[in-house]
Amino acid sequence: MFEFKKTGQQQKQRFRLRAFVGALVALVCFGVLATRFWYLQVERYEGFSQRADRNRIAVVPIPPRRGEILDRNGEVLARNYRTYTLEVVPAKAGDLDDLFSRLAPVVYLGPADQRRFRRLVAESGRYASLTLRNNLNDTEAAWFAAHAFQFPGVELRARWVREYPQGAAAGHVVGYIGRIAEADLDELDKAGSLGNYRGTDVIGKKGIEKSWEDVLHGRTGLEEVEVTAGGRPVRTLRRIDPVPGSDIMLSIDMGLQRVAEEAFEGRRGALVAIDPDTGEVLAFVSQPSFDPNLFIDGIDVENWRLLNESPDHPLINRPLYGTYPIGSTYKPFVALAALELGKRSATERVPDPGYYEFGGQRFRNAGGAAYGMTDMHRAIVVSSDTYFYSLGPEIGVNALHDFTKQFGFGQITGIDLDGEKAGVLPSTEWKRKAYKDRERQRWYAGETISVAVGQGYNAFTLLQLAQGTATLSNNGLYRKPHLVHAVRDPRTGAVEATKSTPDYQIPLKQQNVDVIKSAMADVVRVGTARRAFADTSYQAAGKTGTAQVFSLRGGHYRASEVSERLRDHALFMGFAPVEHPRIAVALIVENAGWGASAAAPVARKVFDYWLDRDRKRPAARVPAAATADDDDEDAR
Amino acid sequence: MKRIIAVLRRAFTAFDWPLLLILVLFAGLGLTVMHSAVGGTDWRFADQSRNFLAAFVAMWVVALVPPNLLMKLALPFYVLGVVLLLGVEFFGETSKGATRWLNLGVTRIQPSEMMKIAVPMMLAWYFQRHEGAVRVIDFLVAAVMLAAPFGLIVLQPDLGTALLVFGAGFFVIYFAGLSFKLLVPVVLAGVIGLGVMVYHEDQLCQPGVDWVVLHDYQKHRVCTLLNPSSDPLGKGFHTIQSMIAVGSGGLYGKGYMQGTQTHLDFIPERTTDFVFAVYAEEFGLYGGVALLVLYSLLIGRGLAIASAAGTQFGRLLAGALTMMMFMYVFVNVGMVTGILPVVGVPLPFMSYGGTALLTMGIASGILMSVSRHRKVKV
Numbered sequence: 174m175f176e177f178k179k180t181g182q183q184q185k186q187r188f189r190l191r192a193f194v195g196a197l198v199a200l201v202c203f204g205v206l207a208t209r210f211w212y213l214q215v216e217r218y219e220g221f222s223q224r225a226d227r228n229r230i231a232v233v234p235i236p237p238r239r240g241e242i243l244d245r246n247g248e249v250l251a252r253n254y255r256t257y258t259l260e261v262v263p264a265k266a267g268d269l270d271d272l273f274s275r276l277a278p279v280v281y282l283g284p285a286d287q288r289r290f291r292r293l294v295a296e297s298g299r300y301a302s303l304t305l306r307n308n309l310n311d312t313e314a315a316w317f318a319a320h321a322f323q324f325p326g327v328e329l330r331a332r333w334v335r336e337y338p339q340g341a342a343a344g345h346v347v348g349y350i351g352r353i354a355e356a357d358l359d360e361l362d363k364a365g366s367l368g369n370y371r372g373t374d375v376i377g378k379k380g381i382e383k384s385w386e387d388v389l390h391g392r393t394g395l396e397e398v399e400v401t402a403g404g405r406p407v408r409t410l411r412r413i414d415p416v417p418g419s420d421i422m423l424s425i426d427m428g429l430q431r432v433a434e435e436a437f438e439g440r441r442g443a444l445v446a447i448d449p450d451t452g453e454v455l456a457f458v459s460q461p462s463f464d465p466n467l468f469i470d471g472i473d474v475e476n477w478r479l480l481n482e483s484p485d486h487p488l489i490n491r492p493l494y495g496t497y498p499i500g501s502t503y504k505p506f507v508a509l510a511a512l513e514l515g516k517r518s519a520t521e522r523v524p525d526p527g528y529y530e531f532g533g534q535r536f537r538n539a540g541g542a543a544y545g546m547t548d549m550h551r552a553i554v555v556s557s558d559t560y561f562y563s564l565g566p567e568i569g570v571n572a573l574h575d576f577t578k579q580f581g582f583g584q585i586t587g588i589d590l591d592g593e594k595a596g597v598l599p600s601t602e603w604k605r606k607a608y609k610d611r612e613r614q615r616w617y618a619g620e621t622i623s624v625a626v627g628q629g630y631n632a633f634t635l636l637q638l639a640q641g642t643a644t645l646s647n648n649g650l651y652r653k654p655h656l657v658h659a660v661r662d663p664r665t666g667a668v669e670a671t672k673s674t675p676d677y678q679i680p681l682k683q684q685n686v687d688v689i690k691s692a693m694a695d696v697v698r699v700g701t702a703r704r705a706f707a708d709t710s711y712q713a714a715g716k717t718g719t720a721q722v723f724s725l726r727g728g729h730y731r732a733s734e735v736s737e738r739l740r741d742h743a744l745f746m747g748f749a750p751v752e753h754p755r756i757a758v759a760l761i762v763e764n765a766g767w768g769a770s771a772a773a774p775v776a777r778k779v780f781d782y783w784l785d786r787d788r789k790r791p792a793a794r795v796p797a798a799a800t801a802d803d804d805d806e807d808a809r
Numbered sequence: 004m005k006r007i008i009a010v011l012r013r014a015f016t017a018f019d020w021p022l023l024l025i026l027v028l029f030a031g032l033g034l035t036v037m038h039s040a041v042g043g044t045d046w047r048f049a050d051q052s053r054n055f056l057a058a059f060v061a062m063w064v065v066a067l068v069p070p071n072l073l074m075k076l077a078l079p080f081y082v083l084g085v086v087l088l089l090g091v092e093f094f095g096e097t098s099k100g101a102t103r104w105l106n107l108g109v110t111r112i113q114p115s116e117m118m119k120i121a122v123p124m125m126l127a128w129y130f131q132r133h134e135g136a137v138r139v140i141d142f143l144v145a146a147v148m149l150a151a152p153f154g155l156i157v158l159q160p161d162l163g164t165a166l167l168v169f170g171a172g173f174f175v176i177y178f179a180g181l182s183f184k185l186l187v188p189v190v191l192a193g194v195i196g197l198g199v200m201v202y203h204e205d206q207l208c209q210p211g212v213d214w215v216v217l218h219d220y221q222k223h224r225v226c227t228l229l230n231p232s233s234d235p236l237g238k239g240f241h242t243i244q245s246m247i248a249v250g251s252g253g254l255y256g257k258g259y260m261q262g263t264q265t266h267l268d269f270i271p272e273r274t275t276d277f278v279f280a281v282y283a284e285e286f287g288l289y290g291g292v293a294l295l296v297l298y299s300l301l302i303g304r305g306l307a308i309a310s311a312a313g314t315q316f317g318r319l320l321a322g323a324l325t326m327m328m329f330m331y332v333f334v335n336v337g338m339v340t341g342i343l344p345v346v347g348v349p350l351p352f353m354s355y356g357g358t359a360l361l362t363m364g365i366a367s368g369i370l371m372s373v374s375r376h377r378k379v380k381v
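One line per chain: the protein sequences are A and B, in this order. Going from the first sequence to the working numbering is simple: count from 1 and add 173. Going from the second sequence to the working numbering is simple: count from 1 and add 3.
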């Protein structure tokens, strides 16, 4: 197969042969190229020559108008307005300082504009067309149009600019657009849609703007323009209109969203409200929020530093990204697990002397209370830790894992936003995989005890808790949570509701679910949350929680703040009305102390708005259903 | 004074005069075309002139290094290259969606570029060590030494450079005596496979068809080549416009600085990868063939130097580097004229860019070094 053992001379000779073959291959390949030249330049010369002439015809892409983002009632969260921008190709425009000073008398250029532009040049190179200024007023635009010939490489363009009229409200849901970066280009290239983005220079970066980019963007049109040999456009020959991006109607209700955001009163936290019937997210709060308008032209350094270095972390999407031990709000699920798995009946009474003893160690009730003989109903109403400590070893961590997993705990819910975290739903298998160290891989029985009260390794997002609550309120019917209610065609106004994705029914006994629900109703009526829910027009059900703090982000806080940030998180989960739940809520107020006093009142305001609003003016849903019935009758 | 003259004389004997003549012709032609491509003497023209100067100095310095020393440098050079590539893999900087750069604090380097020289050096060194007793196992070892950097560069991903590194290494193995019985069937199978693919383009490019080994975007790229009009606003635009430029040049070309495609901004990347479109539009079929003749002279001279080399190392290295230059030309011109897919490979001595020119300068320097030391035995 191979040629072995050659003397130097033979080797040289053999090399010559191979070099000759190499030269031959090269010649043949060049022959192929020369043939190709001949084919292109002689055989098809006529055709290409004509096309080159026609190439006086420039194809100018017409970027589509981006779809708007609305709430479920049509209130606008993101829209576009028409404006003049001044765009510059630096390589053609000459010295920048000189250009700025010549433009200065009429077109205002602030130092921030100039800085931003220089940064753009550094990023994008000298051959790209870059925005020097947005929002030229009519005088500026008219003056420049008249003097355009003095400014080669500078162009006045009318274009759509994005605007977020709600500011910081629902900022984490809407997200923002930004300049197309190299990473985005790569993604577009892979998706084969680079062509559709010619002429467009922004793309969704966060939130709905990012996850629904395909729908919002639309299809780029084009215009064939005849140009002179010098490249100036003379007339339009053909035009394919762009298809504007579709409008997106969120399932969010901005009225509810604002009520929920204001209920936080400037404290940090997260809230998710879901319609259990549909899986639609009605409110999605992450406090503090940020103003997405800051990002449209590329955020400036000062604002970026302010947002990024704030100890409150306004840029973190808390319901999606923050994972917390959810404390006592986990108890209804643990209790249901005990009933369903037949580990303990609802009526069995367990002594609560204020602590639970296991392996010579005492696990104490929060606040040092002792509740005496306690059944399941009472354990939930007064939030007895001892009762649930004792449930832990009886259920076992793996059985608990398998049960609450069905409610979505520790799982990606698949909501239509980017960057969701799965959190941790502990099990022995999880621990084996999570740690390298043999010793740390072992699961200790004591760890099951803290897991059963929602502490320990448990780390869930608020979205998961809301989803679990909605599923529980719905007697185990799981519906994937989503933020987009419908897509609207901006030309015809036709609204198409998004399809509900595959759901499943958790096999639960109704009597068991009713035990939990009635206990949760009593939490609100006579239990830990009774003060917050006094005198409601509806019967709510819920569970308060208080979670011990582990620090969110290391220890660079100032000493004066430390004590505040080491306080417990306050949580609440619940739904209302208890018979036919129309809204399910989970919320956390960070470092606010007791769930009953800090978190439950927030839920009260949210429930009040959503349910009493219907009482005051007829609910949107009821007449709609009635009309549908009428139609049916007419048809008959 | 005498000593200075002696040193100067020695320095000037470094040149292989026929090769130098060819290279000077290229430098002149390259700058001429660049002048038209950028539409005058803007900063890129000046920049490219400086790049040529730097490449010339590099060539001169390398030409003065005897092949023996190059041989000693082969192993460390190769190991350093692989380590840097691993560095890129784990700590590299991402630019234009690919991770190719390594920031050393002082400067950014692109290790894949140096592998174009380091890989053939290493393989030539390896075969030199086993001179006269090359066994099957040696070819396998060589294949591994080639596959490692190739794989790392593909991961970046940088298919163009990976292809050139692979080519350079492969040619060493070829020259070292890889059996034709093995080589010919593989090449034949490849050519037939390509033919079948072109013939069945319609079915293969349906959106639903999964190509198993290739990413969707790679499939997209190949399909765009087979039928450029399927994506006129995107990738196909490059190929269509460069083919129009070349085709409309006709027999004689439109004349220097007269290319409408060039000067109306229709040729994308017209100073870098697509510079040949500028040249072919303005100088026509005659110009194109003349350029191929010039490249043939370069390759002929390179292979002649290789054939006359005194050592196996010199032969293999010079031969492989020459064939690498050929690959550059074929892939680039093939891409511009629409017979090969668009991969980022520059045209030697013509495309704008300092790094590529420097590599060419070093390769030419090695050829000269081998040429001057042909009588010396190791």
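C-beta: ideal position from N, C-alpha, C; glycine also.
Spell out whether any CB of chain A is found under 8 angstroms from the CB atom of B/M117. no
Reducing DSSP to helix, strand and coil, say where B/T16 ends up. coil
For A/S437, collect the residues of the same chain with a Cβ closer than 8 angstroms to its Cβ; drop the 5 residues on either side in sequence, then sort them by chain order. Here the sequence assigns Phe to residue 437 of chain A, which means Ser is not the residue at that position. Result list for A/F437: L444, V458, Q460, V762, V775, in chain order.
CB contact below 8 angstroms: B/A49 versus chain A: no
CB-CB under 6 angstroms to B/A77, same chain, minus the five flanking residues each way: which ones, in chain order? M124, M125, W128
Whole angstroms are fine: how far does the CA of B/L89 sit from the CA of A/I588? 37 angstroms
B/V65, buried or exposed, once every other Cβ within 10 Å from all chains shown has been counted against 16: buried
Could you tell me whether any Cβ in chain A is nearer than 8 angstroms to the Cβ of B/V292? yes
With a Cβ-Cβ cutoff of 8 angstroms, do A/Q214 and B/G252 count as a contact? yes
Where B/I308 falls, given that 16 or more other Cβ within 10 Å makes a residue buried: buried
Of all Cβ atoms in chain B, is any one closer than 8 angstroms to the Cβ of A/R535? no
Find the residues of chain B that neighbour A/Q184, judging by a C-beta separation of less than 9 angstroms, and give them in chain order. E134, G135, G180, Q315, R318
Below-8 angstroms beta-carbon distance, B/Y129 vs any chain A residue: no
Would B/S374 count as contacting chain A if we go by Cβ distances under 8 angstroms? no
Does any residue of chain A have a CB that is nearer than 8 angstroms to the CB of B/T358? no
Closest residue to B/V41 among B/M200, B/F269, B/V157 (Cα-Cα distance): B/F269
Is any beta-carbon of chain B found at less than 8 angstroms from that of A/Q678? no
Three-pair Cβ contact test at 8 angstroms for the segment 371-389 of chain A versus the segment 491-498 of chain A: no
A/T256 and A/V198 look like a contact to me (Cβ under 8 angstroms); what is the Cβ gap, rounded to whole Å? Incorrect: roughly 59 angstroms between the Cβ atoms, too far for contact.
Which stretch, first to last residue, makes up the beta strand (DSSP E) that contains A/D448? 442-448
Quick one: complete alpha helix (DSSP H) runs, 4+ long, within the segment 178-240 of chain A? 181-211, 218-227
If you run the structure through DSSP and keep just helix, strand and coil, what is B/V339? helix
In the DSSP assignment, what are the bridge partners of B/S310? None, per the DSSP bridge assignment.
What is the DSSP secondary structure of A/E336, counted as helix, strand or coil? strand
What is the rounded straight-line gap between the Cα of A/A765 and the Cα of A/G439? 11 angstroms
When the cut-off is 8 angstroms and only beta carbons count, does A/S222 lie next to chain B? yes
Test: B/Y259 CB closer than 8 angstroms to a CB of chain A: no
Quick check: the segment 346-364 of chain B against the segment 52-64 of chain B, are at least 3 beta-carbon pairs closer than 8 angstroms? yes
Does any CB atom of chain B fall closer than 8 angstroms to the CB of A/P791? Low local confidence applies: a pLDDT of 44 at A/P791 is under 50, so the model's placement there is unreliable, and no value is given.
Can you tell me whether A/D420 is helix, strand or coil according to DSSP? strand
May I have the straight-line CA-CA distance separating A/G351 from A/I376, to the nearest angstrom? 6 angstroms
Rounded C-beta distance between A/L243 and A/L423? I'm assuming under 8 angstroms. 7 angstroms
CA-CA distance, B/G84 and B/F178? 23 angstroms
Pair within 8 angstroms by beta-carbon distance, B/G287 and B/H376: no
Beta-carbon separation (whole angstroms), B/G163 vs B/V339, contact threshold 8 angstroms: That belief does not hold up - the Cβ atoms of B/G163 and B/V339 are roughly 13 angstroms apart, past 8 angstroms.
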